[in-house]
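Numbering (the numbering used here), first residue to last: 199 to 564.
Written as structure tokens, this is what we have:
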């Protein structure tokens, strides 16, 4: 048994793949990852942009769509939906074997809707109804407008991956949206509804480390590489506290599932850090870690399978306190990263459309 399988069987954490491209589906590479222990898959506009721009895997279908007169944006979504449906089929056995706990594939609403609650709800409904699979997650960003959209969609019985969470305060809002959405749902059996809360990790260290380096004192420099893990470990404590007690037990009695924390952005951006840092330090039950293929391979090769997520919550709290004493406001950091994250996905979305448009024009003129 490999480390990815041990991560789940021994520690109760589900490793998911944070990448997707058509060539992996057709070549059997995605199935190989599933056989090695991958239990789900996440995508985002940047992942699809990279796949569409850097490969010619989509040109045949794009040519047909261009010939039929489809708009470039309609063509983009047709290509995305095609990949998502194929991935859903490959992961369906995991979904069934796990009783609906894993085997999910996530697809994100258009990034230009991040500040549009009604638009997000409408887009999520369209995507959910169009793909119509029990192991589909619609990704909704945890912006101020996205969080109430999550509540609405959960109340409708839809399964949601809440993404771009950077702060403990926003994470509290996300958990409340899930629980209140379940309470508003009219289904007698809530077990068909699932959700994960995607808490971003490495990007926090990139920004906080930059600020610590600017401060430059020995105390500041000693805290580099610690903020993101500390936040994740404290988020887990909030998860444990929220999903316990009478309020949650009443929903669990109706079949409600835990909204598991999902650690996202877990590849190391600083080459001086171990390449499995954000996996090794965040292992615990009832959680997910979604990893790019390079980090999955690194963990499979030399990661450490051991429960670390709740080993020392007081030490995590101390890190956050020390950062605050140095003038680093993690809530302000989170707001900056959220804005950058939304902007990055919007840029990728636009780049994908531009690339597809240029190729479609070439196909028509050729």
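All residues carry an ideal CB built from backbone N, CA and C; glycine is no exception.
Should residue i and residue j be called a contact, given that it needs their Cβ atoms to be closer than 7 Å?
i	j	result
residue 346	residue 374	no
residue 503	residue 215	no
residue 591	residue 243	No information on residue 591 is available, as it lies outside the stretch 199 to 564 that the chain covers here.
residue 481	residue 209	yes
residue 292	residue 246	no
residue 406	residue 420	no
residue 335	residue 304	yes
residue 385	residue 355	yes
residue 255	residue 221	yes
residue 540	residue 467	no
residue 249	residue 219	yes
Going by Cα to Cα distance, which pick from the options is closest to residue i?
i	options	result
residue 560	234, 260, 200, 239	260
residue 413	523, 209, 544	523
residue 306	331, 398, 361, 258	361
residue 329	280, 290, 208	280
residue 352	363, 546, 319	319
residue 532	266, 363, 249	363
residue 342	537, 511, 545	537
residue 228	301, 265, 324	301
residue 239	448, 348, 510, 491	491
residue 512	440, 476, 404, 431	431
residue 464	401, 540, 221, 534	401
residue 526	477, 418, 544, 433	418
residue 493	475, 509, 508	475
residue 379	390, 404, 348, 389	348
residue 477	399, 441, 237	399
residue 460	433, 321, 557	433
residue 508	429, 542, 282, 273	429
residue 211	344, 237, 217, 224	237
residue 282	450, 224, 530, 266	224
residue 231	253, 265, 241, 288	288
residue 558	446, 389, 265	265
residue 327	357, 415, 389, 217	357
Near residue i, what residues of its chain come up, given a Cβ to Cβ distance below 7 Å and the 5 sequence neighbours on each side ignored?
i	result
residue 436	366, 369, 370
residue 387	452, 453
residue 317	311
residue 546	243, 244, 247
residue 263	273, 276
residue 544	309, 310
residue 444	none
residue 442	none
residue 496	473, 474
Once the 5 residues before and after residue i are set aside, which same chain residues still bring their CB inside 6 Å of it?
i	result
residue 202	213, 234, 235, 498
residue 422	407, 410
residue 479	427, 506
residue 251	553
residue 514	428, 431, 432
Enumerate in chain order the residues of its own chain whose CB-to-CB distance from residue i is below 8 Å, with the five nearest sequence positions on each side excluded.
i	result
residue 271	551
residue 383	352, 353, 354, 355, 391
residue 200	234, 235, 498
Throw me the rounded Cβ distance for the residue i and residue j pair, which I believe falls under 8 Å.
i	j	result
residue 456	residue 487	At roughly 16 Å, the Cβ-Cβ gap does not stay under 8 Å, so residue 456 and residue 487 are not in contact.
residue 462	residue 397	7 Å
residue 372	residue 458	The Cβ separation is near 12 Å, so there is no contact.
residue 286	residue 331	5 Å
residue 284	residue 333	Contact doesn't hold; Cβ gap of about 13 Å is too wide.
residue 489	residue 381	Wrong, their Cβ atoms sit about 33 Å apart, outside the cutoff.
Touch test, the region 463-476 against the region 510-530, Cβ-Cβ under 8 Å, three pairs minimum:
no
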